[in-house]
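Residue numbers (the UniProt record's numbering): 1 to 217. For every residue, glycine included, the Cβ atom is placed at its ideal position computed from N, Cα and C. Values in this document were obtained by computation on a predicted structure and should not be read as measured data.
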């Protein structure tokens, strides 16, 4: 979700959940995001033994590149072809292209199909109509035994008052995702973590809803 100078209409908001909107956003010459890894990814993954990882909603690839630099073999998944093309270029520039591959898939249609990874992550991917619980369940199916799942998103906040009702409903608290965790998962962290971010040129306080869990069998 991005800052806007006007309140979005519901039609504009609905478009932001679809690939063409993000393809357009990634079509310009400037990067959309900082390229830095997300704070909760660094906090939870630092110290884990590198293995295979899947990042769903990878955008321009900042998290994918950081994971590859830590020694992980990473698949970056996103529904925007332009976003994946940017991510591939960034990985090439960072010298980690040999450790990553790319998968164009809509998170709403994502299924593991028997593929498993030692780490499955998703950062600031927000689905409408409570879809994050179901996505958490499907992401969990892609976690190998003994592996980890990390799902991070925006907690509801007054910072986002100019967003539409559908966007606000797409935000979530970490505990709201727990019904999506299968029985063979142990929740290691279920909390809203404070962080600062720049929105419309202003530094504001927000909270990252963070669910970190391990598959026990």
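Close CB contacts of residue 182 within its chain, under the 6 Å cut and outside five residues either way in sequence, are with 140 (chain order). For the pair of segments examined, the segment 80–95 was found not to touch the segment 116–136: the number of CB pairs separated by less than 8 Å stays below three.
Residue 91: member of the alpha helix (DSSP H) spanning 81–94, first to last residue.
Secondary structure at residue 176: helix, using DSSP grouped into helix, strand and coil. Looking at the backbone, the Cα of residue 107 and that of residue 151 are separated by about 13 Å. Nearest in C-alpha terms to residue 158, of all of 132, 206, 137, 202, is 206.
For residue 204, the enclosing beta strand (DSSP E) starts and ends at 202–215. Three or more beta-carbon pairs separated by less than 8 Å link the segment 74–88 to the segment 48–63, which places the two stretches in contact.
Partner residues in the beta bridge of residue 195, as assigned by DSSP, are 206. Secondary-structure assignment with DSSP links residue 75 through a beta bridge to 54, 101. If the five residues before and after residue 175 are omitted, its C-beta is found closer than 6 Å to the C-beta atoms of 190, all from its own chain and listed in chain order.
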